[in-house]
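Every number in our numbering is 2 more than the matching position in the sequence shown, counting from 1. One structure below.
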Amino acid sequence: MSLTTPGNISRNTSPNSAAPAPKPELKPIPGMRKTVKITPAEVQLFSKYIYGLCGINIEASKSYLLETRLGRMLENEKCDSFTTFYHKIKSDPSKKLEHQMVDAMTTNETLFFRDTNPFELLKHKILPEVFDRRMGKSGAIRIWSAACSTGQEIYSIAITLRELLGPTPTINLKLMGTDISDAAIKQASYGVYNKFEIERGLPQERLQRYFSPSGETWRIKDEIRSMASFQKFNLMGSFASLGKFDIIFCRNVAIYFTFEDRVKLFEKIADVLEPDGYLIIGATESLTGVCPRFVPKRHLKAIFYQLK
Ligand SMILES: C[S@@+](CC[C@H](N)C(=O)[O-])C[C@H]1O[C@@H](n2cnc3c(N)ncnc32)[C@H](O)[C@@H]1O
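Structural data, given as structure tokens:
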């Protein structure tokens, strides 16, 4: 029996053949994308460009990310090199391509109740303390998810609040989710998740209680959706327009920035945090040596930061 390659070339399988069988010429598999290779000069060009847009630092060893994440865009834009693509993005007055490039280069990995501990901390320590302090005072309690991705983090906070305060809280709460990715913030504001996303971090009981099925997807119920507002925001920019927050979640985003940018980011966060406010960062992150204005504190298994 002769085997056939995808290019439909018979392979000689006879053990007695004197000469080695000629190597089959590999033809592209129909529908398979041809990857445009990036040159070292183009790596530099794009790394600088992307860094300038969102502060994401693409290390030389990770330059393959440019090829893998931008390949589809190059194909859609019919560009046969990264240089052509660069000029096309730069000359797009609508900035649509630039936004798409940022969407492609950001890592939006997230899940509901990610790492569990921050939400236990919120429920058992932070929120009761904040409510006590605010008792009888005017003004909203403001909570910010500073890189909210597709919304799972801010909705986990909203669900925690809902479970603590019931359906008609007398406390004035304002939850804000921001992210630099247009696509992520759009999904966050719709609150619609596919089967894979909804199954990550949400037990059945919460799923049934706070989401409604909508075709193949699940939509967050209005009672939770309406607790949060969303906006596009670049953490590399000025925080002057933001006002002050009682609680800030800034998790798993600073890991993509240079050390210098991390220092600047947490300085700006310190400026917008209320004097007795709370900062929660990612489980693998630390502010030691990054921002001396913060002190780490522990509650049970969770670490949080407060201003000195
Ligand atoms: C890995 S997700 C983290 C989501 C969520 N905080 C969590 O921990 O599950 C990182 C998010 O940071 C966003 N991001 C990256 N650079 C940013 C910037 N300069 N300003 C705002 N958001 C940024 C990305 O778009 C992405 O959605």
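Backbone N, C-alpha and C define an ideal beta-carbon position, used for all residues, glycine too.
Reference residue i; option with closest CA among the options
| i | options | result |
| --- | --- | --- |
| M137 | C81, D273 and L175 | L175 |
| L166 | K98, K139 and K125 | K125 |
| I226 | T172, A160 and K50 | A160 |
| I128 | I52, W220 and I145 | I145 |
| S158 | M238, M178, E131 and E79 | M178 |
| G54 | A285, E276 and D263 | D263 |
| D117 | F87, R253, Q210 and K197 | R253 |
| T286 | V255, F296 and R295 | V255 |
| L212 | R202, G284 and D224 | Note that residue 212 corresponds to Tyr in the displayed sequence, not to Leu. Comparing Cα positions, the closest option is D224. |
Counted within 10 angstroms of its Cβ, other Cβ atoms place residue i as buried (16 or more) or exposed
| i | result |
| --- | --- |
| A43 | exposed |
| P120 | buried |
| Q46 | exposed |
| E61 | exposed |
| I257 | exposed |
| A148 | buried |
| E199 | buried |
| F84 | buried |
Contact set for residue i: own chain, Cβ-Cβ below 6 angstroms, skip 5 residues either direction
| i | result |
| --- | --- |
| N236 | I182 |
| N18 | At N18 the pLDDT is 42, less than 50, meaning the model places this residue with poor confidence and gives no usable figure here. |
| T162 | F121, L124 and K125 |
| L204 | F114 |
| L68 | I40 and F48 |
| P298 | I305 and Y307 |
| M238 | G57 |
| S216 | none |
| T15 | Model confidence at T15 stands at a pLDDT of 36, short of 50, so the residue's coordinates are unreliable and nothing is read from them. |
| F296 | L289 and Y307 |
| K234 | I187 |
Nearest-angstrom beta carbon gap, residue j and residue i [assumed within contact, 8 angstroms]
| i | j | result |
| --- | --- | --- |
| F306 | I271 | Rounded, the Cβ-Cβ distance is 13 angstroms, inconsistent with contact. |
8 angstroms CB neighbourhood of residue i in its chain, flanking five on each side removed
| i | result |
| --- | --- |
| S151 | N110, E111, T112, D181, S183, A186 and A190 |
| G279 | K246, F247, D248, I249, I250, Q308 and L309 |
| L123 | I282, H301, L302, A304 and F306 |
| V265 | V292 and C293 |
| Y88 | E44, L47, F48 and Y51 |
| E79 | F87, K90 and L99 |
| E269 | C293 and R295 |
Beta-carbon gap between residue i and residue j smaller than 8 angstroms
| i | j | result |
| --- | --- | --- |
| I58 | M107 | yes |
| I156 | A230 | yes |
| V38 | D82 | yes |
| S214 | R221 | yes |
| F133 | I173 | yes |
| I91 | E100 | yes |
| T219 | Y195 | yes |
Cβ-based neighbour list, residue i, same chain, cut-off 7 angstroms, excluding 5 preceding and 5 following
| i | result |
| --- | --- |
| Q102 | M75 |
| F259 | G57, N59 and L267 |
| L244 | V274 |
| S65 | I40 and V45 |
| G153 | G179, Q189, A190 and G193 |
| M3 | In this predicted model, M3 has a pLDDT of only 31, less than 50, meaning its place in the structure is not dependable; the value taken from the coordinates is given anyway. For M3, where only same-chain residues beyond five positions count, there are no Cβ hits under 7 angstroms. |
| A142 | N174, L175 and K176 |
| P277 | L309 |
| R71 | A106 and M107 |
Neighbour flag for residue i against chain D, beta carbons, 8 angstroms
| i | result |
| --- | --- |
| I40 | In the structure shown, chain D does not exist; there is a single protein chain. |
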